[in-house]
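Working notes, beginning with the structure itself.
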DNA sequence: ACGAATTGCGCC
DNA sequence: AGGGCGCAATTCGT
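In the numbering used here, the protein residues as written are 80 to 641.
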């Protein structure tokens, strides 16, 4: 049973019931703004199988969470539209062939949605006309139905997982990541010195800069200006061509070590210093906005606070509540395992049997050292052609022809300007007009040598993108299924307790999750995390012989994990 | 003067 | 000549 929710111009909500047999749709009910959360809560309790259908979880769910209401399942029409619109599995559907409409326009979300905000913010009509969730839902069902039986079941899973991800994202923002501002401040003082007045360099930063200046001995300069810094380095006889740390590392000069230290500390100060603390930590919680589907590959993005780039440097400030713990779980070598599963490479699946896939590659004699295995695999998935990983590629290809052939095929398809797809059916975008015109031009008789070179470079660039897309995108699907399965198990464990009073997800980082839970539940939660990982593998790959082991750690602060 | 693009670095 | 991001500060372009 699906319940399609739609906001009416007067702020009320209409709900239409749709039976799964596609049968007659009952008359829509209309709820007042005040009754809506109660209606959702009651329905969740009395009809546990139902699925809410709405245009945008990020607009609908935060007010419900604020009212203490949890939703078990939904269809996020906006996210699913994006998938079905470009999937090669549904390319013949009218949803895919229609001109761009209101469901293709991005929605501007407020940073902090509260109970009243839903009705204020959606009052703006999206570009391209009014959104009709009922019609869109039917169009999406028709699009899925237009796919082959196999694609249909995969797309259905993808749509469910994507929508579950949207629920999880809202819940994680609502719950927040526990953050000890005191400990963060201590950390900053220890590394940078006391908090300075605005615009003034912290004491330690200034001291390190003085060291750099003395060692270079070319006078004062502003280290924040790449141009000035580069000129200073060159004046001091350092033949740098950029001011990137990894390039500077190779030079032997007394100024280099303090300069690298300066860059590290300056980064901490500007990115996660006192200003960040003031702006992002309130009431002991960090509440970034997660953006499910924010990356073309299906990975999440984040908006505000740099949530997906929390440096290891400050993770000791992520502290569980008294009597509570974090269960930190990480999927070991997720992307190479994904590659072995989607390519059906039996030899690589054998190497993936244990907890460490790279060790497995060495043990089975495919490659000599773990370090080589890792750099070679990453290079193969990213499309490296030179350097160490480029040199190791032939050996890798000999050992794992299926796996390497799979990413090579994805690269070739991209070079031809074709779409590629993940296991569940998310397809890559087509290259832009400029790209196609360049390839067109290069294939003409009158094309110059320079045009041909540029066209080949661009083709290879796009091929690297599509090569990585199939792996990164399928890994993102695995992670969504992992989280969605875990979320269901945690809800069961909670037995009706409020979200933040029982074990709940507080952080997600591509192949890593953090659950905040009472200490007494931690070991049970760790088990659920592992069970969920196994289920994710089964859901996506059936009984394929590839393991997806996860490492789990029960810790009081985030830095104590691995 | 102000928004866009670039540089550099954090995460996976 | 290595995939995907977000953010701060500088620099560019109009």
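Beta carbons are placed, not taken as given, at the ideal position from N, Cα and C, and that holds for glycine.
Predicted model, so just to flag it, every value in this text is computed and none were measured.
For residue 406, the enclosing beta strand (DSSP E) starts and ends at 403-410. Non-local beta-carbon contacts of residue 281 in its own chain, meaning distances under 7 Å to residues more than five positions away in sequence, involve 271, 272, 275, 348 in chain order. For residue 433, the CB contacts under 7 Å within the same chain, skipping 5 residues up- and downstream, are 439 in chain order.
Your pair residue 443 and residue 425 does not check out as a contact, with CB atoms roughly 11 Å apart and the cut at 8 Å. Per DSSP, the continuous beta strand (DSSP E) segment holding residue 592 begins and ends at 591-597. For residue 629, the uninterrupted beta strand (DSSP E) run begins and ends at 629-634, by DSSP.
In this structure, DSSP gives residue 258 a state outside helix and strand, which the three-state scheme calls coil.
Judged by DSSP in its simplified three-state form, residue 479 adopts coil rather than helix or strand.
Ranking 459, 461, 437 by CA distance to the CA of residue 450 puts 437 first.
Checking the DSSP bridge columns, you'll see residue 81 partnered with 97, 130. With contacts defined by Cβ atoms closer than 8 Å, residue 414 and residue 629 do not form a contacting pair.
The beta carbons of residue 600 and residue 572 sit about 7 Å from each other, so the pair counts as a contact at 8 Å.
Under a 10 Å Cβ-count criterion, residue 391 is classified as exposed, with fewer than 16 other Cβ atoms of the shown protein chains found around its own Cβ. With a threshold of 16 other beta carbon atoms within 10 Å, residue 509 falls short and is exposed. Note on the stretch 260-339: whole alpha helix (DSSP H) runs with a minimum of 4 residues are 260-271, 282-295, 305-314, 324-327, in chain order.
Note on geometry: alpha-carbon atoms of residue 320 and residue 307 lie some 12 Å from one another. If you draw a straight line from the Cα of residue 633 to the Cα of residue 507, it comes to about 38 Å. Of all C-beta pairs linking the stretch 231-247 to the stretch 149-158, three or more are shorter than 8 Å, placing the two stretches in contact. Distance from the CA atom of residue 519 to the CA atom of residue 342, rounded to whole angstroms, is 45 Å.
Every alpha helix (DSSP H) stretch that sits fully inside the stretch 365-451 and reaches 4 residues is listed by chain position as 413-422, 425-430, 436-442. Taking all protein chains in view, the Cβ of residue 279 is surrounded by fewer than 16 other Cβ atoms within 10 Å, so the residue is classified as exposed.
As computed with DSSP, residue 361 is found in a beta bridge with 364. Rounded to the nearest whole angstrom, the C-alpha separation of residue 264 and residue 423 is 50 Å.
Ranked by Cα distance from residue 252, the options 283, 236, 369 are led by 369.
By the neighbour-count criterion, in which 16 or more other beta carbons inside 10 Å mark a residue as buried, residue 87 falls on the exposed side. Nearest C-alpha to residue 145 among 100, 115, 216: 115. Residue pairing for residue 86: DSSP places it in a beta bridge opposite 92. DSSP places residue 150 in the coil class of the three-state scheme, outside both helix and strand. In its chain, beyond the 5 residues on either side, 156, 157, 210, 212 have a beta carbon closer than 7 Å to the beta carbon of residue 134. Short of 8 Å from the beta carbon of residue 296, and not among the five residues preceding or following it, lie these beta carbons of its own chain, in chain order: 315. DSSP, reduced to helix, strand and coil, places residue 503 outside both helices and strands of the structure shown, so it counts as coil. Ranked by Cα distance from residue 136, the first of 128, 151, 547, 124 is 151. Counting along the chain, no beta strand (DSSP E) covers residue 516; the unbroken alpha helix (DSSP H) around it starts and ends at 512-522. In this structure, the CA atom of residue 464 is about 8 Å from the CA atom of residue 458. Taking all protein chains in view, the Cβ of residue 219 is crowded by 16 or more other Cβ atoms within 10 Å, so the residue is classified as buried.
Rounded to the nearest angstrom, the Cβ distance from residue 118 to residue 256 is 31 Å, too far for a contact under 8 Å.
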